[in-house]
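Report on the structure given below.
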Amino acid sequence: MSRLRVLPRSAALGLSIAVGLAIAVGLSGCGPATGGTSGGGSGSRAPTSDGLTVLAASSLTDVLEEVADLVRAEHPDLRVDLGFAASSTIVQQVGQGAPADVVVLAGPEPLAMLDPDLVRGDPVVVATNTLALAVPAGPGSDPGAGPVASVEDLARDGIRLVVCRPEAPCGRAAQTLLTDLGLAPRIASYEPDARATLTKVELGEADAGLVWGTDVLAADGAVRAVPLPEGAEVVNDYPLAVVSDDPAAAWFVEAVTSEDGRKVLADAGFGLP
29 MSRLRVLPRS AALGLSIAVG LAIAVGLSGC GPATGGTSGG GSGSRAPTSD GLTVLAASSL
89 TDVLEEVADL VRAEHPDLRV DLGFAASSTI VQQVGQGAPA DVVVLAGPEP LAMLDPDLVR
149 GDPVVVATNT LALAVPAGPG SDPGAGPVAS VEDLARDGIR LVVCRPEAPC GRAAQTLLTD
209 LGLAPRIASY EPDARATLTK VELGEADAGL VWGTDVLAAD GAVRAVPLPE GAEVVNDYPL
269 AVVSDDPAAA WFVEAVTSED GRKVLADAGF GLP
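Each position in the sequence shown, counted from 1, maps to that position plus 28 in this note's numbering.
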């Protein structure tokens, strides 16, 4: 099976809490600029200190809200704004000048597409995720009660499978999984991100959807997971990159890599590098 990773495992382990804190310390020494931009980035914003903008992959919606609360608790005067979308959309928005101080992306490809002149320090892998096969909850609790009881059922005629668009990390992961399994099911629709894919399943508009395991947990019983041991082999890393000189970005890095931040991620079902 293929393993989708931002970095080789040895390198990913190097980008751990210690690296995150090193970035945080480096950023904390950046004072507010008196004019223009600093750091030489073509799209960087002048440091502010009254607000922090974080753009993140949609699969992080619930968990980063909790991390933001950790930041607010330590810095009650700081406004923390969060925005969630497909990682490819975030990269496009930031490249077009959308305000952002921190981005947290799903997978290596969006990170590679990010303008390197915008990135401050080294990206930090803060979490990992694996694929799950979600089906509507329906009556009872047996995942085999519906038309999809195993991944092999996806190839049957009439099965409505939804996946993310190919350019989205969850779409690439889904294609990797299906290719490795030798399956070529008919795709009913391609959705912009994992949350949109999950919604189709929740509403009964699809018989199954390939999403992240954390999305199934966040659905709180609205969907069920069909056993998919092969999904554990398709690992997706979440790199965090600081994209402004605002010293407040360091506070978010500290929060997400802290013991409390890592617990929030683990409790939501994310793996920790």
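Glycine included, C-beta positions come from ideal geometry on N, C-alpha and C.
| query | result |
| --- | --- |
| Enclosing beta strand (DSSP E) for Asp265 [first to last residue] | Val263 to Val270 |
| Arg184 classed as buried or exposed, judged by whether at least 16 other C-beta atoms fall within 10 angstroms | exposed |
| Strand pairing of Val152, partner residues [DSSP] | Leu268 |
| Within 8 Å, strictly: CB atoms of Val190 and Ala160 | no |
| For Glu233, the three-state DSSP class (helix, strand or coil) | coil |
| CB of Gly174 within 8 Å of CB of Gly241, strictly | no |
| Where Asp288 sits in the DSSP three-state scheme | helix |
| Backbone secondary structure at Ser20 - three-state DSSP | Because the chain is modelled from 29 through 301, residue 20 falls outside the range shown and cannot be assessed. |
| 6 Å Cβ shell around Val53 - same chain, five flanking residues per side excluded | Residue confidence is low: Val53 scores 36 on pLDDT, short of 50, so the model does not pin down where it sits. Its coordinate-derived value is still stated next. Nothing listed; no residue qualifies. |
| Distance between Asp221 and Leu268 (C-alpha atoms, nearest Å) | 18 Å |
| Meets three-Cβ-pair contact criterion under 8 Å: the region 128-139 and the region 267-282 | yes |
| Which of helix, strand or coil DSSP assigns to Leu80 | strand |
| Where Pro197 sits in the DSSP three-state scheme | helix |
| Cβ shell of Ser115 (< 6 Å), same chain only, five flanking positions each side left out | Ala85, Leu133, Ala134, Pro138 and Pro197 |
| Under the three-state DSSP convention, the category Phe280 falls into | helix |
| Min CB distance Gly199 to chain D below 8 Å | Among the protein chains of the structure shown there is no chain D, as only one such chain exists. |
| Host beta strand (DSSP E) of Leu189 (start-end) | Leu189 to Cys192 |
| Opening and closing residue of the alpha helix (DSSP H) in which Ser115 lies | Ser115 to Gly123 |
| Pro257, DSSP secondary structure in three states | helix |
| Chain-order list of residues whose beta-carbon lies under 7 Å from that of Val163 (same chain, five-residue window excluded) | Pro171, Gly174, Val176, Val229, Asp235, Ala236, Val251, Arg252 and Val254 |
| Span separating the alpha-carbon of Glu180 from that of Tyr266 | 29 Å |
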